[in-house]
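Working notes for the structure below.
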Amino acid sequence: MVEHIWDQFLIIIKEEVGSRVVDTWFKAVSLDHWDPLKKIVSLRAPNTFVCNWIRSNYTKLIQEHLSRLLNVDEVLIVFVGPDDQSDTDPVISEVQQVPTMHTVSSVPSTFVKNRASMNKNYLFETFVVGPSNSLAFAAAQAVTEKPGKLYNPLFVYGGSGLGKTHLMHAIGNAIRKQYHRASVLYQPADRFVTEFISAIRFDKVHAFKAKYQTIDVLLIDDVHCISNKEQTQEAFFHIFNALYESHKQIIFSSDTFPQNIHGLAERLQSRLGCGLVVDIQIPSLETKIAILKKKAQIHDGQLPDDVTHFIASLEFSNIRELEGALIRVLAFASLTKQPLSMALAQKVLDRVCEKKPVAVDFSRIIKSVLKQYSFSFDQLRSKNRSKKIAEARHIAIYLMKKMTNRSFRDIGHYLGGRDHSTVLYAYNKMKRSVGDDTLLSNQIQRMKREILR
Ligand code: ADP
Ligand code: MG
């Protein structure tokens, strides 16, 4: 019966976390014991590494699903080690408890007092600073020292997996530590939307707004998720104004800068960008190495220099992927009880190396454009608007946006300090032309192939 429950759980979470995570982590674990009286589930992990990883990343998920599958309100999870036959001596004695799906879905979340939403592992101390993120880091620390006074709102933007959420939690954790009584709320924007919809359903919009207005520090992650949600934006606008006028600190993260978030009301765009706007870029090789070392330390792994360098130089476009690769190597070494070596890392990441497409950066694209048009980079960056140069510039802009997904601001900056609206205009014009003109479209395809070669 109990094994059956665990099998069902594996099927369900495969949908949520993907088969790789299930194969790497969950299949190594078994459901050892279920105590229906105390409502305790004991999970058996093969070693401390797997146990720690699952505990810190998936406890809530396990609790939610097992509560449902076992048909109880709340289930407590304990982990027991490989050789431990006694449930009374768990590897991890800390028992965590969260509201179950039942509680959360039947009560509007406006009334769930959930202010302890910070991830305790995301701290300033565990954030590696390099040229790609130093400004964002410094701003985050400044905000922590004087919440509501210096940079308000603080707006951090950058590509996925580059550390925005980590930094948001670090701010929240640090403020909590410093000002014990401050009411700090970290809220991903999509959860804000869900909460608002639920407030509408239960006719509690007033209470919803009131709740937000009592907060001292509000951290809204991935704020671009409220684009095209007009009613939510409206509510958010009022909450923002109330907090801002009372000098409460507001921090946003997004995948792009405020003016570039499509489907966002103009007045909200200007509010979001009215404080300090900072970006996080893709890290350099040195920063990636430092991050890998820090992460290995956190996971109790000793990473030899050659292995660190090898993983850092793989073409991962963000730190989340980089960390994923590290974890796979550490887990493999731990599960198979082999030393961490280059051979092992190469074997584990073999498929990643093969499948990973060529990393496309601005310089690669510009090289191809200059080759095609026989101009110099200075000419491309210049103010010269002669037809041929403008054409080459527009193609460069189009390819830079399509192939790197970097912001219009970054592209403009790279191309001689052009402002983002000029770049956006050129991009849209090119997009239309590529749609209409087969010759141009073929030329673009050829150039793309060459850049990727
Ligand atoms: P984002 O929110 O930008 O998509 P996250 O903050 O979720 O990215 O970061 C993805 C992972 O990368 C997290 O595990 C985070 O701890 C790690 N990470 C990102 N930047 C850094 C950094 N500078 N130092 C240490 N870890 C980092
Ligand atoms: Mg994030």
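Here the sequence shown is numbered in numbering that gives the first Met the number 0, starting from 0 and rising by one per residue.
For each residue, glycine too, the CB sits at the ideal point set by N, CA and C.
Fair warning: this is a prediction, and the values are worked out from it, not measured in the lab.
### Task
Say yes only if the C-beta of K119 is nearer than 7 Å to one or more non-hydrogen atoms of ligand 1, and no if none qualify.
no
#### Entry: In chain order, each alpha helix (DSSP H) run of at least 4 residues that lies wholly inside the region 252-322
265-271, 284-297, 304-312
### Query
So does the region 134-142 actually touch the region 255-262, counting three or more Cβ pairs closer than 8 Å?
no
### Query
Between the Cα of K401 and the Cα atoms of M446, H3, S375, which residue gives the shortest distance?
M446
### Task
Give me the Cα-Cα distance between L540 and T255, rounded to the nearest whole angstrom.
Absent from the structure is residue 540, since the part of the chain shown begins at 0 and ends at 452.
### Message
Between which two residues does the alpha helix (DSSP H) holding D22 run?
### Response
18-23
### Query
So, is Q62 buried or exposed, given that buried needs 16 or more other C-beta atoms within 10 angstroms?
buried
### Task
Give the straight-line distance between the Cα atoms of A344 and V328, rounded to the nearest whole angstrom.
6 Å
### Task
Return helix, strand or coil for Q177, following the three-state DSSP convention.
helix
### Query
Within 7 Å: the Cβ of K163 and any heavy atom of ligand 2?
yes
### Query
Under 7 Å from any heavy atom of ligand 2, does the C-beta of D377 make it?
no
### Query
Could you check where the beta strand (DSSP E) with F236 kicks off and where it finishes?
It is not in any beta strand (DSSP E) - F236 instead sits in the alpha helix (DSSP H) that spans 229-244.
### Query
Is R43 helix, strand or coil by DSSP?
strand
### Alpha-carbon to alpha-carbon, T213 and A311
44 Å
### Message
Can you give me the C-alpha to C-alpha distance between V111 and F195, rounded to a whole angstrom?
### Response
Because V111 sits at a pLDDT of 32, beneath the cut-off of 50, its placement in the model cannot be relied upon, and the point is left open.
### Task
Check whether the region 216-226 touches the region 182-197, taking contact to mean three or more Cβ pairs, one atom from each stretch, closer than 8 Å.
yes
### Task
Examine ligand 1 and report whether any of its heavy atoms sits within less than 7 Å of the Cβ of N404.
no
### Task
Report, in whole angstroms, the separation of the C-beta atoms of N118 and I249, which I expect to be a contact under 8 Å.
The pair is not a contact, with the Cβ atoms about 19 Å apart (cut-off 8 Å).
### Query
Should D278 be listed as close to ligand 2, given that the test is whether its C-beta is under 7 Å from any heavy atom?
no
### Query
How far does the alpha helix (DSSP H) with Y426 in it reach, from first residue to last?
419-435
### Query
For ligand 1, any of its heavy atoms closer than 7 Å to the Cβ of I290?
yes
### Query
Touch check for the region 276-291 and the region 144-162: three-plus C-beta pairs under 8 Å?
yes
### Message
Quick check: what's the CA-CA separation for A324 versus A289?
### Response
15 Å
#### Entry: Cβ-heavy atom distance, R190 to ligand 1, below 7 Å
no
### Task
Leaving out five residues on either side along the sequence, give the residues of the same chain with a beta carbon under 7 Å from the beta carbon of R408.
F256, H419
### Message
Which same chain residues end up closer than 8 Å to T87 when comparing Cβ atoms and leaving out the 5 residues on each side of it in sequence?
### Response
Residue placement at T87 is flagged as unreliable, the pLDDT there being 33, under the threshold of 50; the coordinate-derived value follows with that caveat. Hits under 8 Å: none found.
### Query
Where do the ends of the beta strand (DSSP E) carrying Q186 lie?
183-187
### Task
Find the nearest neighbour of Q177 within the set K145, M167, S197, R200, judged by alpha-carbon distance.
K145
### Query
Among the residues of its own chain, which have a CB less than 6 Å from the CB of Q95, if the five just before and after it don't count?
Residue placement at Q95 is poorly supported in this model, since its pLDDT is 33, which falls under 50; the coordinates are not used for a value here.
### Range of the contiguous alpha helix (DSSP H) that encloses Y121
Segment: none, Y121 is in no alpha helix (DSSP H) and carries neither H nor E.
### Query
Just how far apart, CA to CA, sit I450 and T421?
24 Å
### Contact the region 38-51 vs the region 13-30: 3+ CB pairs below 8 Å
yes
### Query
Near I396, which residues of its chain fall below 8 Å by C-beta distance, leaving aside the five closest residues on each side in sequence?
I410, L414, V422, A425, Y426, M429
### Query
Tell me which same chain residues have a C-beta within less than 6 Å of the C-beta of L149, skipping the five on either side of it?
A141
#### Entry: C-alpha distance - R200 paired with T231, whole-angstrom precision
13 Å
### Message
Comparing C-alpha positions only, which one of K336, Q337, P303, P282 sits nearest to N317?
### Response
P282
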